[in-house]
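A short worksheet on the structure shown next.
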Amino acid sequence: MGSDQTTRASLHGIAELLLAGPQYRQHGTIRLRVLPGAIATIAAPDLRLDHRKLRTHDAAVDLRGATYAEIGSRLGVVAGAPEGLYGEGSGAQPSDRPVVDPDTARTLLAALDRGDQGLRRFAPDQTPVLWPEHFDVAVTMDEVNYGVSLGDTFLDEPYMYVGPFKPRTGPFWNAPFGAAQPLAATVEGIAEFFAEGKRSL
């Protein structure tokens, strides 16, 4: 596994085991949010992940060298994925050690931020959600998912997608789940891709 894939998998593991899991056990929601250069919970515990550290409002733990469980314990949370909600996920276990290259993490977090901004421009009345299962930021409108993934088995790089609940046919629809393209370089380009998807429904 290359550095990009390792960092992406580790960020996914942190989002699932140390953000979504503890939040779900306290508040019953797995929804996370994207911030400039970071991702965070939407409810207690107040946790924020940047390219080097996992932070609370008054403490920060470096990601290097520790297990997910050790990172969590230093911040007063128990590492563990949300239970009973979905079958897939990061595959990370509390005893595993995340391996995060800071430069790669910064690039991936910037991609999520760009995706979040693109979604907000496309659908200003919606609040994008970072979902821990597939580690993508998305909105759902009229039985269509619009989102940005950091990459997976379908496409091993950040990409934007439109996923209708019901299959569509036509030149725009190029993926088994709908349509996907590598992530545009600009917020405007991302928003336009989503708008083209909406027009193609």
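Take the sequence shown: its position 185, counting from 1, is numbered 386 in the numbering used here, and each next residue is one higher. Beta carbons are placed, not taken as given, at the ideal position from N, Cα and C, and that holds for glycine. Quantities reported herein were computed from a predicted structural model and do not represent experimental measurements.
Taking a contact to mean a Cβ-Cβ separation below 8 Å, would you say Ala239 touches Ser291 in this structure? Position 38 of the sequence shown, counted from the start, is the residue given in the question as residue 239. Position 90 of the sequence shown, counted from the start, is the residue given in the question as residue 291. Their beta carbons are not under 8 Å apart, which means Ala239 does not touch Ser291 by this criterion.
Span separating the alpha-carbon of Arg226 from that of Arg298: As a first step, residue 226 must be located in the sequence shown, where it is residue number 25. As a first step, residue 298 must be located in the sequence shown, where it is residue number 97. Their backbone Cα atoms lie some 22 Å apart in a straight line.
Since I believe Glu217 is in contact with Ala311 (beta carbons under 8 Å), could you give me their beta-carbon distance rounded to a whole number of angstroms? Taking the first residue of the sequence shown as 1, we reach residue 311 at position 110. Taking the first residue of the sequence shown as 1, we reach residue 217 at position 16. Ala311 to Glu217, Cβ: 21 Å. No contact.
With three or more C-beta pairs closer than 8 Å as the rule, is the segment 268-286 touching the segment 363-379? no
Complete runs of the beta strand (DSSP E) confined to the segment 254-293 [at least 3 residues]: 254-256, 261-263
I believe Val235 touches Pro329 by the beta-carbon criterion, under 8 Å. Please report the beta-carbon distance rounded to the nearest angstrom. Within the sequence shown, numbered from 1, the residue matching residue 235 stands at position 34. Within the sequence shown, numbered from 1, the residue matching residue 329 stands at position 128. Indeed they touch by this definition, with Cβ atoms about 7 Å apart.
So which of Arg400, Gly229, Leu212 has the shortest CA-CA distance to Pro246? Counting from 1 along the sequence shown, the entry for residue 246 is found at position 45. The candidate whose alpha carbon is nearest that of Pro246 is Gly229.
Spatial neighbours of Phe272 within its chain, please: C-beta separation below 8 Å, excluding the five flanking residues on both sides. Position 71 of the sequence shown, counting from 1, holds the residue named residue 272. Position check: residue 272 holds Ile in this sequence, whereas Phe was assumed. Hits under 8 Å: Ile215, Leu219, Leu255, Val262, Leu264, Ala280, Pro299.
Please confirm whether Pro359 has its beta-carbon closer than 8 Å to some beta-carbon of chain B. Going by chain labels, chain B is absent from the structure shown, which holds only one protein chain.
Spell out the partners DSSP gives Asp337 in its beta bridges. One-based indexing of the sequence shown puts residue 337 at position 136. Partner(s): Trp332, Ser350.
Measure the beta-carbon distance from Val349 to Asp337 and round it to whole angstroms, keeping in mind my assumption that it falls under 8 Å. By one-based count along the sequence shown, residue 349 stands at place 148. By one-based count along the sequence shown, residue 337 stands at place 136. The pair is a contact, with the Cβ atoms about 6 Å apart (cut-off 8 Å).
Rounded to whole angstroms, what is the Cα-Cα separation between Arg232 and Thr370? Sequence index remark: in the sequence shown, residue 232 carries index 31 (1-based). Sequence index remark: in the sequence shown, residue 370 carries index 169 (1-based). For Arg232 and Thr370, the distance between alpha carbons rounds to 31 Å.
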